[in-house]
Every structure is written in C-alpha cells, then in structure tokens.
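Student:
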Amino acid sequence: IGNAHTVMAAVDVEDESLLASMFRDSFPDTWRDNPDFAAYLSELSACGVEELSREPERLAEERAQILEQTRELAFSNYQTFIRTADCTELIYRDFGRVEARVSSLLEKLPRFGERCRSFMKEAEEIAASRRMNSLTLNRHTEILEVLEIPQLMDTCVRNAYYEEALELAAYVKRLERKHASLHVIQGIVREVRQSTQLMLSQLLQQLRSNSQLPVCLRVIGYLRRMDVFTEAELRVKFLQARSSWLRSVLTAIPDDDPYVHVTKTIEACRVHLFDIITQYRAIFSDEDPLAPPPAGQTAVNEAAIFHGWVVQKVAEFLETLERDLQRGVGGRLDSLLGQCMYFGLSFSRVGADFRGQLAPMFQRVAADTFRCAVQEAVDKFQEDMNMYTLIALPSVLGRAIPPTAPGVQPGTLQPPMVLLDFPPLACFLNSILSAFNDLRLCCPLGLAHDVTLCLQDAAHMVTHQILGFHRAEAAAISSREAELFSQFCSAYADDLLPFLNRCLQLLFPPAQLALVLGEDSRVLRLTELATGDLAKAAVAQVVEQVSGSNPAPSSVDASGRPDSHASVGGTE
C-alpha cells in the first residue's frame, strides 16, 4: 500500500509538471508556485470533454456571483469602508509624523549617545571620587599620620630624638619609592629633607663642641645611618669638626702674656689632641677595605687622611710655639722645653713623636735670647764708657776682698773682684753672667759654637770701645790717668776674658763636646776668637803708649797673642 501511494504521488507530480509545461505561455510565471493554481490544473486534468466545455460558463457564472456578492458587501459595509479609509488616511499621516520624528530622532541619536557617554564618564568619575572620599574617610587616621610626618620629624630633630627621626626618614624614603608621582608625597619628602638637613647640622655642631667618646660614637653612628657622606668624607668631616672645636679652645686662651699663652696652649693641645686621636681611632678603622671600590670610583687611602691631619696639627702647634717664643718668655725656657718634651712623648704613643723638631727651635730661641742679652750688655758698656772718667782714683774694694770668699767650695767659679774697681767692666760682666744664667737653663751643646762666636763679637766690640775711649782721651790724659787706664786694660785682658772663658768651659765642657759632637780634645782660645790678634795687639799698644812700657806678661806675649790660660771649649 505504501508503495502504491508513493507511485501515485509520483504520477501526480509528473502530471502537474506536464500541465505546467503545456500551459506555460498561458499564465504568468508567478502563478506556477501558487498552490491553488496547481490544484485547479489538477481538477482540469481530471475532467472530461463535456466538463471542460462547460467550464468557461461555470467560471463566468461564478464570477458574476462573486461580483454580486462584492456589491452587496460594499453596500452593506459602506460606513465601514469609509471609516476604514479615514483610518487608513489617519494611519498614513501618523506614519508620516512617526517617520519625521524617527528621522529627527536618528539625527539626534549620535549627539545623544555622545552626551550619554559623557554622562557615563562623569558618573564614573563621581563614583570614583565618592569611593575615594569614602576610602579617605575610612583611612582618615592613617592619612593624617602620613601628613603629620614633616611636623613630627621637625619635632624629633629639634628635641634631639635622632633615633626616631632616622626611622621617619627611612619610612619617607620608602614612600617616595612607591608613590614618587604624588604631589602630596613630594611635598612631604621635601619637608623631611629640610628637617634632615637641620639634623645633619645639629650632629656636626655636636662634634664641634666638647664631646666625649660616647657622644662622638653616637653622632658618627647617626651620620652613617643618614648615608650622606662616604667613609672618607665622614672621616674628613669628623676631623674638621673636632679641629673647629680645638681652634675655639685655643682662641679663648689669653694672648697677653706669651709664657701663659704658650703653656696653656701646650696643655690644651696635649690633652685635647690626644682625646681627638683616641676618639678617631675608636670610631674609624685604619684597615684596608676588603671589597674593592665600585666601578668608576677611585680608591681613597683613608689612613692618609688621619696622618695628614695629625701632621697639620703638629705643624700648627709648632708655629704657635715658635711665635710665642719669639715674643719672649723670659728665663722660663727650660720649663717650656720640659712641657713640650712631655707633649711629644705622649704623642709618641700614637705614632706622632715631634720631639726631634723641638731641639732646633729651642736652640735657635736660646741663641737669639743670648745674642740679644749680649748685645744689650755691649750697648750698656758703651753708655758706661761714655760717662766713665779716669780722674777719680779707683776704690780699693776689689783689692781688699780676698780672691776666694770664705765658705766657698773649691772649684766654685767666682768673678774677679778686681773688676769692682772698674764699674764699666763689672757691669758688663754682670750682664754677661745674667745671660749665661738664662742660657744655662736651656743650654744644648749645639750652641757652643754660636755662643762662642757671639762672645767673640761682643769682646771685639768692647775692645774697639776701649780703644775709642783712649783715642778720645789721649790728648789730655795725665800720667795718673794713663796708669789707671793701663790697669783698666789689664783687668779686661787678664781677668774678665779668662773668667768668661772659664764660664764657657763650665757651660760646654770640652770632654762632652768631644763625646757628643765627635770632636777631638783640642780647645780654642777665647781671646783669639773674641778679639783676634790685631785687636789684642791694639789693646797692648794702647797700654804700652799710656804706661810707657811693655804690657804685662800675663796679658800678652811678644807676638801679641793671649796667654795659654784663656781657652774655651768650642769648635773650630
């Protein structure tokens, strides 16, 4: 049965296709797909000849019926058609207005979309701002703490709470690394840096005060944590600050009295410099760093910084010492030498022994002091000779006193009492002895030659002054005055000069000179060095002219040279 239906369906399709192809030119192509048309063709194909012949009439009748029904329908539904037309017109108008409105809407939609997008953006910004305000309100305490960091930092610095200040500075550095683009953070960083600079100034100012080792250790620890200086720069800053404080201490010492100034300077330098050196060595290490310097940086000899500073301070002290010594310290040169030697000895424990530089300085000052005293003695002798007269008889005081006073130990040096008969010679000898006494307090063997030459010049000038006195008085001199002048010259040549020679031998023993300086045991004659052959011969000639006879054998020999007992321990 199923196969039969399939065959029947296939036959129907073929019939429809055949009919459609037969009447292809009799109807439009659009009818081909109309199912009613296909059904009608099927009915026609099933009709016989008679039915086909009556089909046009049937169709005409059916058409007439349909037209009549249409007229009746139109007549009976006239009002409906009118209303339908009106509605159609209204609908058309409404659709026109809708179309116009839609066109206007389409024109305004892009701008409306832009406005909507702008509104959405503003709404998002407002929402974000609201969320930020809400977050700010929730984090108000934390934000307030961050904003108060500069004020807290300033308070810590001004109250010397440096530990807390360093912690705040480290926290601000972390904030800067995380939020460097925020203007608020930039302002906080800027104010904290100003407070950090103030803290740096305060720490350096502490080093410029009388700070002990614990304070210095703490200050240097803070400076290292601040990380503003390299290790070499930190050493230099420490030494500069301590030098500034030491300079203020030395500047406060009164400068009126050279001796007081130099003694207090020695004490201050000895104590404070030693403290500074101890502090430096406790804080900084002189060992070479294990790690090489970073690329692009030059290695710094940090030990040389300290050595150069010590050398500079010693040089400044020696300069001050020499300046005060040149101003004059009276007869207390030995005391200063002892203090300076103790100062140098204490510095030898830190490898800065400068005692070798003191000897030439004190030797030079002692020589200059002795030279000035001798020159004053010569000038005083000149003044005394200008007022000296040979009219009055000399007193017998010098001759009445025995050569050796009772109670004097053997070997004790006593000045010739005969010089009391000649006041200029006695005053000259007293002045020279005063110079010897001052020199004896600080008398290095290296001064032997300089002292001998100084006395040589002094004796030479005294000799010329005696000769000048004779030339001025020669025209009117009497025999008695000539005898007195001869005694004057004999006292000078036979008593004063040999006594000065013995004084020199006590100050500079020839044996010690030979041992220390490597000289042989030969001695030089003081009168030879002091007056020379010509000067001694001139004195002898004056005496001879005045007295009318040869000079005394104890004064000069036949060749005009001094006798053998006038000798001095010295060097050629």
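The sequence shown lines up with residues 1459 to 2030 when you count with this note's numbering.
Idealized CB from N, CA, C, for every residue including glycine.
1. Reducing DSSP to helix, strand and coil, say where Y1619 ends up.
2. First and last residue of the alpha helix (DSSP H) that includes N1596?
3. Could you give the residue range of the alpha helix (DSSP H) that holds T1688?
4. For M1799, which residues from the same chain have a beta carbon less than 8 Å from its beta carbon, with the 5 sequence-adjacent residues on both sides left out?
5. Taking all protein chains shown into account, do 16 or more other C-beta atoms lie within 10 angstroms of the C-beta of D1896, making it buried, or fewer, making it exposed?
6. Would the region 1612-1623 and the region 1584-1597 be scored as touching if the rule is three or more Cβ pairs under 8 Å?
7. May I ask you to report which of helix, strand or coil DSSP gives V1604?
8. Identify the continuous alpha helix (DSSP H) that holds F1820 and give its terminal residues.
9. Quick one: grab the DSSP three-state call for R1666.
10. Under the three-state reduction of DSSP, which class applies to L1510: helix, strand or coil?
11. Can you look up R1529 in the DSSP assignment and give me helix, strand or coil?
12. Determine the direct distance from the alpha carbon of A1893 to that of F1828, and round the result to whole angstroms.
13. Taking the alpha-carbon positions, what's the R1807 to F1775 distance?
14. Are the CB atoms of M1657 and V1630 within a distance shorter than 9 Å?
15. Does DSSP put Q1698 in a helix, in a strand, or in coil?
16. Which value, in whole angstroms, describes the spacing of the CA atoms of F1927 and C1830?
17. Do the region 1652-1667 and the region 1696-1716 touch if we need at least three Cβ pairs shorter than 8 Å?
18. With H, G and I counted as helix, E and B as strand and the rest as coil, what does DSSP make of I1741?
19. Buried or exposed, going by whether 16 or more other CB atoms sit within 10 Å of the CB of Q1737?
20. Looking at C-beta atoms only, is the number of pairs between the region 1936-1947 and the region 1896-1916 that lie closer than 8 Å three or more?
21. Measuring straight from C-alpha to C-alpha, what distance separates E1513 and A1504?
22. Measure the alpha-carbon distance for L1878 versus A1884 and round it to whole angstroms.
23. Can you grab the Cα-Cα spacing for the pair V1560 / V1604, in whole Å?
24. Hey, out of H1918, L1795 and N1888, whose CA is closest to P1902's CA?
25. Here's a check: name, in chain order, each residue in its chain whose Cβ is nearer than 8 Å to the Cβ of L1803, leaving out the five neighbours to either side.
26. Ordered along the chain, which non-local residues of its own chain (more than five positions away) have a Cβ less than 6 Å from that of Q1652?
27. Compare the Cα-Cα distances from I1643 to each of E1606, V1673, H1598 and Y1550 and report the closest residue.
28. From R1541 to E1557, what does the alpha carbon distance come to, in whole angstroms?
29. Are the beta-carbon atoms of L1718 and L1783 separated by less than 9 Å?
30. Taking all protein chains shown into account, do 16 or more other C-beta atoms lie within 10 angstroms of the C-beta of D1953, making it buried, or fewer, making it exposed?
31. Determine, using beta carbons only, whether L1420 and R1790 come nearer to each other than 9 Å.
32. How about Q1797 and E1689: are their beta carbons less than 9 Å apart?
33. For H1907, which option in M1819, M1611, P1968 and I1890 has the closest C-alpha, if you only look at C-alpha atoms?
34. Please report the Cβ distance between L1905 and Q1963, rounded to the nearest whole angstrom; I am assuming they are in contact, meaning their Cβ atoms lie under 8 Å.
35. Drop a sphere of 10 angstroms on the beta-carbon of N2033, count the other beta-carbons inside from all chains shown, and report buried for 16 or more, exposed for fewer.
Tutor: The structure says:
1. coil
2. Y1536 to N1596
3. Unbroken run through T1688: none, as it is neither H nor E.
4. R1813 and L1816
5. buried
6. No, because fewer than three Cβ pairs between the region 1612-1623 and the region 1584-1597 fall closer than 8 Å, the two stretches do not touch.
7. helix
8. L1816 to M1845
9. Shown here, R1666 sits in coil according to DSSP, grouped into three states, outside any helix or strand.
10. helix
11. helix
12. 6 Å
13. If you take the alpha carbons of R1807 and F1775, they lie about 18 Å apart.
14. no
15. helix
16. 24 Å
17. yes
18. helix
19. Within a 10 Å sphere around the beta-carbon of Q1737 sit 16 or more other beta-carbons, which makes this residue buried.
20. no
21. Separation of E1513 and A1504 (C-alpha to C-alpha, rounded to the nearest whole angstrom) is 12 Å.
22. 6 Å
23. 58 Å
24. L1795
25. D1811 and R1813
26. none
27. E1606
28. 23 Å
29. Reading off the sequence shown, one finds Val at residue 1718, where the question assumed Leu. Taking C-beta atoms as the reference points, V1718 and L1783 fail to come closer than 9 Å.
30. buried
31. Outside the displayed span of the chain (1459 to 2030) sits residue 1420, for which this structure offers no information.
32. no
33. P1968
34. Going by Cβ atoms, the distance from L1905 to Q1963 rounds to 14 Å, so no, they are not a contact pair.
35. Outside the shown range of the chain, which is 1459 to 2030, sits residue 2033, and nothing can be said about it.
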